[in-house]
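Residue numbers (our numbering): 382 to 1420.
What follows is a set of notes on a single structure, which appears directly below.
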Amino acid sequence: MNDKEKIFLEYYNALNEPQRTAVDTIEGTVLVDAGPGTGKTQVLALRIANILRQTDTNPNNILCLTYTDNGAVEMRNRLLRITGSAAYGIRIHTFHSFCNEVIQDNLTYFGKLNLSPIGDLEEIDLFYKLIDAIPADNKLKRFRGDIYYEKDRLKSLFGLMKKEAWTPEYLNERIDDYINGLPVKDGFFYKRKYKGFEAGTPREAAIYDETEKMEILRAAVNLYPQYNAMMAAAGRYNFDDMILWVLKALGENNNLLLDYQERFLYFLVDEFQDTSRSQTLLLQHLTGYWDVPNLFVVGDPDQGIFSFQDANIENIKTFEKKYKNSLTKIELIHNYRSTTAVLNAAHKLIIYNTGRVKKNDLPLMSANPVFKDIDIAPVIVEYANTGQEAIDVTIQIEQLLQQGTSGKEIAVIYRNHAQIETIASMLEGRNIPVNAKKKIDILQLPFIQNLLLILQWIEREKYIPYSGDDILFLLLHSDFFKLRPLDIARLTIAVNAKNRAAKEDMFSLRRIMAETAAPEADLFNQPDGQSVKEISNTLESLLKASVNNTVQQLLELVIQRAGVLSYVMQSADKPWLMQVLNALFDHLKEESRRNPDITLKEWLDNIEMMKAGRLPVPLYKITANDEGVNMVTAHGAKGSEYAHVFLIGCTQKIWDDKNKGNNRSYKLPNNLVSNNQTPPDIEENRRLFYVALTRAKTHLHISYAVKDEKDKEQTPSTFVTELLDGGTLQLLHKASPDALLADYLQQRFKEKAKPEIELVESEYIDEILKRYTMSVTHLNNYLSCPLKFYYQNLIRVPAAKNESMAFGSAIHWSIERLFIKMKENGNVFLPKEDLLADFNWYMKNNREAFTPEAFRLKKAYGEKILPAYYDYYIGKWNKIIVAEKAIRNVTVQNVPVNGKLDKLEFNGKLVNVVDYKTGKYENAKKKLVRPNENEPNGGDYWRQAVFYKILLDNDKTHDWKVISTEFDFIEPVGEEYKTELVEVTDADITTVTQQIVSTWQKIQNREFKTGCGKPDCDWCNFVKGNHLAVALHPAEEEL
C-alpha cells in the first residue's frame, strides 16, 4: 500500500455513512444535499480520488466546476494532499475560466484575438453613449435630473439576459403575451361588483400602468442588439459573454460539442445552488451525450445567497426533475462544526422559508464528539441604542481574550461595513488586534481628493487661464502645503479688495500669489518651499510641465514637487498611503494602456464619470493579525467557522429590507423560462442569516438596538422574532454601565461636533462689515451654517460656475429679456423663437460652465421646455410688470438689507413678487414650509417670500404693497407647470424680522467661526477634512 493510498483510506475511514455513499457512487447522476459543516468539500475531493482509484480514467477526463476561484484553489490543494501530482491533471475550473479555456483553445473558430475584457469605466462610458443615442421619443429618454438613470437598470437587464440566455425576440414575444393576458390575470379585473363595475370587468387603470412598465422593459430590451454591436465595435467583452459564446458554439458546431463531450467522462459541480441558467445550460451541453451522465452536483439550497449575481436555487429543482428516474440523492445531515443548540436555532429559522427545496423537519445532527457535552443556548440581546450594543460586544470580546480565548476564534458578523466601525475603533482603542478586510474607494479619501485637486487646477488653468481660483483655494488648505488658513483667507480678501478697486484689470488668487514677494533668506531663515511665492512657483512649474509630459509623468511630478511624497513619508500611515498612491497609479496605467494617448482632461473626466456612476477605484484595506478578532460580513463569512460569533445589528432595516440598489430594475413578466423565479427577497435574506448563524461552533450572540445612532426607533429583524417564537430562546435586555460610555461618546462627539476655525484678523473683518448689507441668500446661508456664510459671503472664496447654476441663469435671462422686450414692443410679447434665441445666446456665452455632453443636453432641454412654457402662459401673463428689480438702501430695524427680484406684477399698487425656479418641483416642497419641529427656521423658499415682502414694505422710494410671493417653476411636472403662492402673514413677518435682526447681531459679534456640525455640510466637512478646526463643540442634539 503506497502513501497516497494510506492517506485516502485514513480520510475515507473517517467518513460517516452518507459521506461514504457519496464518495463510492462514482457512476450516474448524483445530487448531494450538503448543509453547513457537513464536509462537502472533503467529499468532493475524496470522490475524485476514488474515481482515479476505481477506474483507469485519466485525470484530464475529470471536470470539476466551482463557484469561485478560491474554491478551485482549495479543491486542488486538497487533491494534492490526497492524490499527489495527479491533482494537476484534473480540470478544476470556475464556469468562466472553463469557457475562457475553450475559447483560447479554439481561437481559429472563435476569432476573438482582438478582443479584450471591458473595464468598469469603459462599460460606464459605453452605457452613457448608448443612452445618449436613444431617440427623443423613446420612453427611456431623460432630459433633466439623472439623465443616465437607466444605466444601472440596463446593465442589470443585459447581464440577466446573458445569464438566462434570453434573446430580444424571445422577450418581446413574452411581453406581448403577458400584456394580452392582463385582463384575465388576478389583480387586473374586478372579482366582485364594485361601484359602477361589474364582476369580471377589466381594471383599466391597473392594466394601463402594467402595460407602461412592460413597454419600458421592451424599450430597454430592444437596445440589447445595439449594446452588443457597440461592444464588438470597441473590441470588448465581459465575462458573461464568454459563456454565451461557448453556448452558441456548442449549439451550432456539432464537432466542437462532441470534442468536449468526449474529453470528459466525469463531471462534478460544487455550490450548485449558486449557478445561473446559462451555466446550467452549458453543463447540459457538456453532459448531453449521455442519457445518464456521470454528473455529481453538491449544494445546499438553504445557503443560496448570491442572487444579486443572478445565481438561483431553482437549479436544484430543475436538476431533480430532469434526472428523476436515474437520480441518486444523498443528504449529508451530520454537522461537524456546531453544537446541537446552534443547529436547532438555525433550523428553527430556516423552516420559515416556504420556497425551500428540501422539506426535512429535522435539524442537522451535531456529530463532533468535542461538542457532545456542550449545551450553551444562543443568546439574543436587546440594547437601548447602537452605542450600548457596541460597548457591550467590545467588553465581552475583551473578557474572552482575558480568559485565554484566541482572537481568531472570535468573529463579529455584520451585514454592512458601516455597522462595524464603532466596534472596530473601540477594540483598537483597547489595543485589541482585529482581522478585517474592507474595500475602500480611494477616490473618496481626502488624501486622493486633494491630490486630484492639483491636477484639476492644472487642467482648468490650461483651458482658461486664471479660471481655477475656486480649486486653488481648496488645494492650498491641503496637508501637502503648510500655509496657515488665515494666510489663505487674507489672500482671498486681498483679491476681492483689488477687484472692487480695479476698473478693468481683474485680479485672481493665482495672480496675487504670483505677485507676492519671496521671503528673504538669511542664516536663520532658509526657504522651505512653503511660502506663498514658493508654492506659486511650484504650481506654475507643474502647469508648464503639463504641456510636454504624459499624464503618468505629470502625476509623478506632482507627487514629487507638490509636497505629496513629503507628506506621505512623514505620516504615521505611510505604508497605507503608499498603497493608496500605487492604486491610483495602477488605475492611471490601466487607463493609459486602454488609451495610450489619454490626456489629463480625459483622465479627470473619467474619474468624474466613475464618481457619478458610483464606480470605485477599489483597494482592500486589510488589517491582519494571527490572533486578531475577525470582522467579517455575512457573505464573506461563508465557509468559515468560529467558537464565538457575535451577530450584530439584527434589525428589520438592515436584514429584512431589500437592498435599495436592487430596486433599480425593470419589471419582468411572470411568463419567462428562467432559473431566476425566486421566492420573495425575505427568503434569501433569511438564508443569509442562516449562513451567519451556522458559522458558530459553540457560542452564538445575536443582538440589536431599539434606537439607531440618530435616536430613531428600530424594529428587530423578522428573523429575531422567529427565533424567539415558541419560547425556546429568551430575549435579554442589557445596558452598559455609564462609566463605560466614555469611549463611545467621544467618538460620536467627533462625528457630530461643530468645528471652530480661527478667523482672520479683526481689521480685515471690520473693513468688510463696514460695507456689509444683508440679502436673503446671506440670511439663508447663515441659518444653514455660519461657516458657509463666512466662506461664501464674507471672505467670498472663489466659486466656479456650475452647469445647474448656468442653466438656471440662462432660463432667468431669457425670460427677463422676454418681458423687457414686451414692454419695449408696446406691451406685445415677441414670438417664442426670440425667447429661445436669448436662451441660446446666454448658454453659448457661458459655455465654459458645461461639459460638452452636458451643454448639448441642457441646451436641448431648454429648447424643449421653454416653448411649452411660453405656450402655456402666453395668454395668462400679467403685462403690468417690473422685471429684475434691484432694491437697495433699505433698513429693517436698523439692519441694512438688499435684494434683486425677478419680477413684480401689479394690480394697482398691490404687488405679487414672482421668483423663477429651475429644478424639480418635488425637491422644492420642503423649502416652502413654515417653521416646524423638523425645520425650526422654516424653509429657504418660505423665508425668501417673507423677506421680499419685508424688503419692499420698507422701501421708502415706493408706496407699493406686497400681497404675495409666487414661485414659478419653469420645469413641468408631466404636462403641467406648477406655481406656489405664499401669502405672507403678520406672524411670518415677525418671525423673519427676528431672524434678520438676530442674525445681523451675530454677524456683528463675529459669531461665524463655528459651523453647524451637520454630517452633510460641505464647509464643516472641508474644515474637518483638512484639519482646520481649532476646537470642536457639542452639537445641539443629545449624544
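Glycine included, every Cβ here is placed at the ideal spot set by N, Cα and C.
Remember, it's a predicted structure, so these values are computed and weren't measured experimentally.
Query raised in the report: Should LEU639 be labelled buried (16 or more other beta-carbon atoms within 10 Å of its own) or exposed?
Result: exposed
Query raised in the report: Got a sec, what are the start and stop residues for the alpha helix (DSSP H) LYS1151 sits in?
Result: 1143-1151
Query - Where ASP1397 falls: helix, strand or coil (DSSP) - result: coil
**Report entry** ILE499 and TYR618 closer than 8 Å at C-beta
**Finding:** yes
**Report entry** Best match in THR548, ASP590, GLU633 for proximity to ALA601 [C-alpha to C-alpha]
**Finding:** THR548
**Report entry** Proximity below 8 Å, CB of GLU1265 to CB of GLU1197
**Finding:** yes
**Report entry** Neighbourhood of SER917 by C-beta, 8 Å cutoff - its chain only, sequence neighbours within 5 removed
**Finding:** ARG891, MET894, ALA895, THR897
**Report entry** Cβ neighbour criterion (16 or more within 10 Å) applied to LYS1342
**Finding:** exposed
Query raised in the report: So does the stretch 751-762 actually touch the stretch 1072-1086, counting three or more Cβ pairs closer than 8 Å?
Result: yes
Report task. Give every residue of the same chain whose Cβ lies closer than 6 Å to the Cβ of LYS1359, excluding the five residues on either side of it in the sequence, and list them in chain order. Result -> TYR1302, PHE1350
Query raised in the report: Who are the near neighbours of LYS1182 in its chain, counting only those whose CB is closer than 8 Å to its CB and skipping five residues on each side?
Result: ASN1227, GLU1229, ALA1230
Query - Cβ-based neighbour list, LEU724, same chain, cut-off 8 Å, excluding 5 preceding and 5 following - result: ASN716, PRO744, LEU745, MET746, SER747, THR1075
Report task. Tell me THR1004's beta-bridge partners as DSSP assigns them. Result -> ALA817
Query - Neighbourhood of ILE1246 by C-beta distance below 7 Å, restricted to the same chain and skipping five residues each side - result: ILE1351, GLU1352, PRO1353
Query raised in the report: In its own chain, which residues sit with a C-beta less than 6 Å from the C-beta of ASN1011, not counting the 5 before and 5 after it?
Result: ALA792, ASN816
Query raised in the report: What are the complete beta strand (DSSP E) segments, minimum 3 residues, inside the stretch 629-683?
Result: 647-650, 676-680
Requested in this report: Just grab the DSSP bridge partners of ARG472 for me.
Outcome: LEU444
Query raised in the report: What is the rounded straight-line gap between the Cα of SER927 and the Cα of ILE560?
Result: 59 Å
**Report entry** Assigned secondary structure, ARG617 (DSSP; H/G/I helix, E/B strand, else coil)
**Finding:** strand
Requested in this report: Answer with buried or exposed for ARG459, where buried requires no fewer than 16 other C-beta atoms within 10 angstroms of its C-beta.
Outcome: buried
Query raised in the report: At which residue ranges does the stretch 1273-1352 contain complete beta strand (DSSP E) runs of 3 or more residues, listed in the order of the chain?
Result: 1276-1288, 1291-1298, 1342-1350
Query raised in the report: Based on the DSSP secondary-structure assignment, which residues constitute the bridge partners of LYS1213?
Result: Answer is none; LYS1213 lacks a bridge partner.
Query raised in the report: Expressed to the nearest angstrom, what Euclidean distance is found between the alpha-carbon atoms of ARG974 and GLU503?
Result: 12 Å
**Report entry** Buried or exposed by the 16-neighbour rule on C-beta atoms within 10 Å, applied to LYS838
**Finding:** First, the residue type needs correcting, since residue 838 is Trp and not Lys in the sequence shown. Buried.
Query raised in the report: Smallest Cα separation from SER404: which of ALA426, GLY416, ILE794, ALA630?
Result: Rather than Ser, the amino acid found at residue 404 in this sequence is Val. The candidate whose alpha carbon is nearest that of VAL404 is ALA426.
Query raised in the report: With DSSP run on the structure shown, which of helix, strand or coil describes PHE966?
Result: helix
Requested in this report: State buried or exposed for ALA1267, treating a residue as buried only when at least 16 other CB atoms are found within 10 Å of its CB.
Outcome: exposed
**Report entry** Proximity of ASP851 and PRO997 at Cβ, strictly below 8 Å
**Finding:** no
Report task. May I ask you to report which of helix, strand or coil DSSP gives LEU521? Result -> coil
Query raised in the report: Taking DSSP as the reference, what is the three-state secondary structure of ILE407?
Result: coil
Query raised in the report: For the candidate residues GLU1008, CYS480, GLU1064, whose alpha-carbon lies nearest to that of LYS789?
Result: GLU1008
Query raised in the report: Cβ of ARG658 within 8 Å of Cβ of ALA805?
Result: no
Query raised in the report: Counting along the chain, where does the alpha helix (DSSP H) carrying ASN431 start and finish?
Result: 421-435
Query - Enclosing beta strand (DSSP E) for LEU1081 [first to last residue] - result: 1077-1086
Report task. Return the chain-ordered list of same chain residues with a C-beta closer than 7 Å to the C-beta of ALA875, the five sequence neighbours on each side being excluded. Result -> ILE893
**Report entry** Neighbourhood of ARG573 by C-beta, 8 Å cutoff - its chain only, sequence neighbours within 5 removed
**Finding:** ALA580
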